[in-house]
Amino acid sequence: MYDQTNEGKGAIFLKQMENEDFGYIPERLKMIRRELQKETKEDLYDQKMFAEALGMSAAAFNSLENNRAGTSFRVVFKIIHFFTLMGYNPLWIISKDNLLIPKKNHQSEFILNRSNVDNAFNQLNQDIKAIQEETNTAIERFKKQITS
């Protein structure tokens, strides 16, 4: 247990993660394995072959991919590391909210998304400035009305 009176940002994040369900990670690992199987047509990415390459039974690997049983963190990190070597972004795999994280390293599609975000942010700033100007005008009208 830690001292809550001097709780820093890190301690708050850890406390929030206490009941976190990381069930999305096996689903993403499964998605990537299937994607590689489809793209490369290599037998390695077949569920049974992949399990054997990891030193797991097909049943245990199936349980891992379907989030039905806990597994060694070493196996999970081994898979994440392997997929990283295959060009996938480990942050995309492990981050719950990965909307703005590119799935693959050096993915050009992300630049388009980033551009869309930048454009939307610039539009938001313009809208806020316009609202501020309207508010200032309304305040000035109000002042004139109450002082005349």
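Quick note, the sequence shown lines up with residues 20 to 167 if you use the working numbering. Yeah, the Cβ is synthetic: ideal placement off N, Cα and C, and Gly gets one too.
Using the Cβ count rule (16 or more neighbours within 10 Å means buried), how would you classify residue i?
i: residue 182; result: Outside the shown range of the chain, which is 20 to 167, sits residue 182, and nothing can be said about it.
i: residue 165; result: exposed
i: residue 70; result: buried
i: residue 87; result: exposed
i: residue 52; result: buried
i: residue 150; result: exposed
In this structure, does DSSP put residue i in helix, strand or coil?
i: residue 148; result: helix
i: residue 123; result: strand
Name the residue from the options whose alpha carbon lies nearest to the alpha carbon of residue i.
i: residue 134; options: 74, 88, 100 and 119; result: 119
i: residue 107; options: 41, 32 and 48; result: 48
Using 8 Å as the cut-off, classify the Cβ of residue i as near or not near the heavy atoms of the ligand FMN, replying yes or no.
i: residue 84; result: Among the components of this structure there are no ligands whatsoever, and the ligand FMN is therefore not found.
If you draw a straight line from the alpha carbon of residue i to that of residue j, how long is it in whole angstroms?
i: residue 65; j: residue 124; result: 23 Å
i: residue 104; j: residue 55; result: 12 Å
i: residue 67; j: residue 77; result: 5 Å
i: residue 63; j: residue 140; result: 43 Å
With a floor of 4 residues, list each alpha helix (DSSP H) that falls wholly inside the stretch 60 to 92, ordered by position along the chain. 66 to 73 and 77 to 84
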